[in-house]
Amino acid sequence: RSARNHQQQQQPQQPQQQLDDLKGLVLLGSELPVLEALAERFGQPRFRGRQLQEAVLRGARSVEEITTIPQSWRSQLAAAGVRTGRSLLHHSAGDPDGTRKFLLQLHDGRIVETVGIPAEGRLTVCVSSQVGCPMRCTFCATGKGGFARHLAPHEIADQVMSVQEAYGRRVSNVVFMGMGEPLLNLPSVLSAYHLLNQQLGIGGPFITISTVGVPNAIARLAKAPCKATLAVSLHAPNQELRAAIIPSARAYPLEALMADCAGFYRRTGRRITFEYTLLAGVNDSDSHAAELVALLRRFDLALSHVNIIPWNPVDDSPYSRPSRNRVFAFKRAVEAGGLGVTVRETRGLEAAAACGQLRNSFQKQPLPEFEVPR
1 RSARNHQQQQ QPQQPQQQLD DLKGLVLLGS ELPVLEALAE RFGQPRFRGR
51 QLQEAVLRGA RSVEEITTIP QSWRSQLAAA GVRTGRSLLH HSAGDPDGTR
101 KFLLQLHDGR IVETVGIPAE GRLTVCVSSQ VGCPMRCTFC ATGKGGFARH
151 LAPHEIADQV MSVQEAYGRR VSNVVFMGMG EPLLNLPSVL SAYHLLNQQL
201 GIGGPFITIS TVGVPNAIAR LAKAPCKATL AVSLHAPNQE LRAAIIPSAR
251 AYPLEALMAD CAGFYRRTGR RITFEYTLLA GVNDSDSHAA ELVALLRRFD
301 LALSHVNIIP WNPVDDSPYS RPSRNRVFAF KRAVEAGGLG VTVRETRGLE
351 AAAACGQLRN SFQKQPLPEF EVPR
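Once you know that position 67 of the sequence shown is 67 in UniProt numbering, the rest is easy, because the numbers rise by one and skip nothing.
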């Protein structure tokens, strides 16, 4: 199956913006004029549209819970197939550090994972953009579970709202680093960005969109009306090694990826974060660090930031986590090259929620296999 057909068939149906067919209309994320038109369609005053929007943003998970509108209209909306777009909380698991993993059941029964990461003065949510992931990075647990479909904008925003409700505090940061490759689902991700920004009040720079690299997608993101931070999952400083651990890199060579990153920086002026997962004996030597510095400098990306991620153990994996001494030796080698670098704090291991561990423990069988989009 071609990549074009794959993306067309896996893209979820968007909320109906025309009201000729109400079945499947999703309230979360619908623009106010659409909701006002919906009210008029049922003979209700236009202000009822705003009541719908406000009720969903306040946490109503079903039409029946919207008590600010008449009971008779609630029944009509439910009978017509209108839904809020909120998921069901399937399961949650917590870690002593406050990190919590949530399994959310979507309207079609699929389950996605999202993670809440609290810290002093902020609450970060790691959201999924797909059910599963087709990229099959060799060190990642999620890719082993297969891929089912893209998430719709409201399904992404719902994850943020669910975490916000669970913690009882406002979400300050959102990172698209959960299940899936965000740039394969760019239209939904951008729509979700605007929903989070405009309706939930999360500032653009506090939303990070991560990618392992999709041809032409970084350029499209650079042109979009979006101020999100870009994080690139690099994980290797040369093409041969990167292609060995990231299968999709064979179709999108490192040189092309870095050229697109340089173009993003020139167009937006926004600093890029490069994610680098350290795998013991694979990509963690001082020579690898020197290669990484040279690579970023060659593409005029020395002002970028490098985020080192010690690998988190995954069942049935050939990789191992480097020692703490090796992690910080690598960090010092990158710093010696004049680059900004941090080591990501590993949180949520006990809840199997750390980066690379987002595999649905309730999913007994792998999702159907699809061709990796090129």
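Every residue, glycine too, gets a C-beta built ideally from N, C-alpha and C.
Keep in mind the model is a prediction, meaning the values are calculated, not measured.
Just tell me which of the options has its CA closest to the CA of residue i.
i	options	result
G132	R149, Q51 and F47	R149
L28	T84, G59, T67 and Q44	T84
R270	P247, L278 and T229	T229
P310	A60, L295, R298 and V327	V327
E120	R170, V175 and E291	R170
K227	P253, A243, R250 and Y265	Y265
R110	N185, W73 and G145	G145
L295	A192, R50, P318 and C261	C261
N216	M258, I202 and E240	M258
G98	D158, R122 and L89	R122
G43	D300, A78 and W73	W73
V26	R41, L52, F47 and R48	L52
M179	P322, A141, D108 and E165	A141
N312	L279, S304 and R100	L279
N185	L106, I218 and Y167	I218
S202	S188, N173 and T208	It should be noted that the sequence gives Ile, not Ser, for residue 202. Nearest option by C-alpha distance: N173.
R220	E240, Y252, A79 and G263	G263
D158	V314, F299 and V125	V125
Q76	S323, V112, D284 and K23	K23
G59	R48, L88, V34 and F47	L88
A93	L106, A166, D108 and S287	A166
G338	L301, Y319, E345 and Y252	L301
F299	M177, M161 and L254	L254
D95	L104, G116, L106 and P187	G116
T273	T208, A243, G143 and A352	T208
R324	E345, N238, A79 and T67	E345
T114	V160, D108, A290 and L241	V160
M177	V34, A55 and V212	V212
Between which two residues does the alpha helix (DSSP H) harbouring residue i extend?
i	result
S188	L186 to Q198
R344	That residue, R344, is in no alpha helix (DSSP H); it is neither H nor E in DSSP.
I245	Q239 to I245
A157	P153 to Y167
R149	Premise fails: R149 lies in the beta strand (DSSP E), F147 to H150, not in any alpha helix (DSSP H).
I218	A217 to K223
A79	Q71 to A79
R326	R324 to A336
What are the start and end residues of the beta strand (DSSP E) that includes residue i?
i	result
Q105	R100 to Q105
G263	Unbroken run through G263 is the alpha helix (DSSP H), L254 to T268; no beta strand (DSSP E).
Q44	That residue, Q44, is in no beta strand (DSSP E); it is neither H nor E in DSSP.
Y276	T273 to L278
For residue i, which beta-bridge partners are listed by DSSP?
i	result
L89	L104
S287	For S287, which the question treats as bridged, DSSP gives no partner whatsoever.
C126	V115 and V175
T229	T208
V306	F274 and V341
V131	R149
V56	DSSP lists no partner for V56.
R83	V26
G94	R100
My guess is that residue i and residue j are in contact by the Cβ rule of under 8 angstroms, so how many angstroms apart are they, rounded?
i	j	result
V127	E181	With a Cβ gap of about 13 angstroms, V127 and E181 do not count as contacting.
P306	G340	For the sequence presented, residue 306 should be read as Val rather than Pro. Contact holds; Cβ gap of about 7 angstroms.
V334	V282	So it is not a contact: roughly 16 angstroms between Cβ atoms.
P45	A37	Not really, about 12 angstroms apart at Cβ, beyond 8 angstroms.
residue 403	F102	Missing from the structure shown is residue 403; the chain here goes from 1 to 374 and no further.
A222	T268	6 angstroms
A192	P153	4 angstroms
S210	E275	7 angstroms
R41	I69	The Cβ separation is near 14 angstroms, so there is no contact.
Q130	L104	Their Cβ separation, rounded to whole angstroms, is 14 angstroms, which puts Q130 and L104 out of contact at 8 angstroms.
Taking 7 angstroms as the cut-off, is the beta-carbon of residue i closer than that to any non-hydrogen atom of the ligand GDP?
i	result
I69	This structure lacks the ligand GDP; in fact it carries no ligand of any kind.
Give a yes or no on whether the minimum CB-CB distance between residue i and chain B is below 8 angstroms.
i	result
P134	In the structure shown, chain B cannot be found, because there is only a single protein chain.
Q. Do the stretch 189–198 and the stretch 231–238 meet, that is, are 3 or more Cβ pairs less than 8 angstroms apart?
A. no
Q.
Quick check: the stretch 241–254 against the stretch 137–144, are at least 3 beta-carbon pairs closer than 8 angstroms?
A. yes
Q) With contact counted as at least three CB pairs below 8 angstroms, one residue from each stretch, are the stretch 78–92 and the stretch 56–68 in contact? A) yes
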